[in-house]
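Down below is the structure, laid out as structure tokens.
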Amino acid sequence: MLQWSDQLYPQEGWVPFLIILIFGLFVFVYQRHPLQMNMLISFWRIDSYIKIYNKEKFIKLNHAVNLFLIFISLVTFSFLADAAFKLAPTAPVIQINFFSSGLFLSGFVIGRYVLLLLIFKILGKSGLLQQTIFKSLGNYGMISLYAFLLFLIYYYNFYESPLYILSLILIVCSYVLSSHFLIYLRILGSNPRQLFYIILYLCAFKIAPWLWLYKLIF
């Protein structure tokens, strides 16, 4: 593993630009949807947020709030993925940085979404897919907002501390896993007949792709 201070980006000029862009987009979306954004950033109200806004008008991916959540999630997870690769005891076989992580994650997410959309449309379960994606995006977006703020603290104060960024990665991963477990559990509780589709989704589109990516990168 290389020296941590040589790997991350404490002096990269594009990081402040990205920070300004994200805060600008946040203000833009917040001014247009203040109630929705207020509930979203109140992490203790995330369940209420999902229940209230889990409607056709709000679950569309082209909704301004959802577009912002997609963007902040991709940016945050690209930073965390870049850091995770550089913390790994085994070096990746391909060159990894923030931009390649972002492009890779974007292509992966878009490709998986298109494939899921086609499959669930054939199965007649498009509504179930859209609701699941909305719930997932709400959790991803909320934790990404907080993780991004914590990343700023790291960037300006603890950029030579691997323990800080490692702790942040573990917290985010733990939250994502636990929140998604509850999402699938609630779907199953409301309609046990969805068990087959949940298993199909988890095995084919959640577990298998990441195992394949791990094998490809390492």
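So the number in our numbering is just where the residue sits in the sequence shown, counting from 1, plus 213. Note that beta-carbon positions come from the ideal geometry of N, C-alpha and C, so glycine has one too.
Going by DSSP, S339 is part of the alpha helix (DSSP H) stretching over S339 to N370.
In summary, G354 is buried, with 16 or more beta-carbon neighbours lying within 10 Å of its beta-carbon over all protein chains present. Only residues of its own chain outside the window of five on either side were considered, and among them Y367 and F371 have a CB closer than 7 Å to the CB of Y377, listed in chain order. In the structure shown, S391 adopts helical secondary structure according to DSSP, grouped into three states. Going by C-alpha positions, I263 is about 9 Å away from S349. Apart from sequence neighbours up to five positions away, the residues of its chain that approach L365 with a beta-carbon distance below 8 Å are I232, ordered along the chain. Contact check for L358 and I285: beta-carbon distance about 6 Å, within the 8 Å limit, so the pair qualifies. Exposed is the label assigned to K270, since fewer than 16 other Cβ atoms lie within 10 Å of its Cβ. For the pair L390 and I335, the Cα-to-Cα distance works out to about 28 Å. For F256, there is no enclosing alpha helix (DSSP H), as DSSP marks it with neither H nor E.
One thing to note: S255 has its Cβ no nearer than 9 Å to the Cβ of S291.
The three-state reading of DSSP puts S374 in coil, since its state is none of H, G, I, E or B.
Comparing alpha-carbon positions, the option among I283, G402, F236 and V385 lying closest to V322 turns out to be I283. Residue environment: A294 is assigned as buried (16 or more neighbouring CB atoms within 10 Å of its CB, all protein chains considered). In the three-state reduction of the DSSP assignment, Q244 falls in the helix class, which pools H, G and I. For N404, there is no enclosing alpha helix (DSSP H), since its DSSP letter is neither H nor E. When DSSP states are grouped into helix, strand and coil, A297 belongs to the helix group.
Assigned with DSSP and collapsed to three states, P305 falls in coil, not helix or strand.
With fewer than 16 other CB atoms across the displayed protein chains lying within 10 angstroms of its CB, F230 is exposed.
Under the three-state reduction of DSSP, N279 is assigned to helix. With contacts defined by Cβ atoms closer than 9 Å, Q407 and I396 do not form a contacting pair. DSSP, reduced to helix, strand and coil, places L336 outside both helices and strands of the structure shown, so it counts as coil. In this chain, the alpha helix (DSSP H) harbouring K428 covers A421 to I430.
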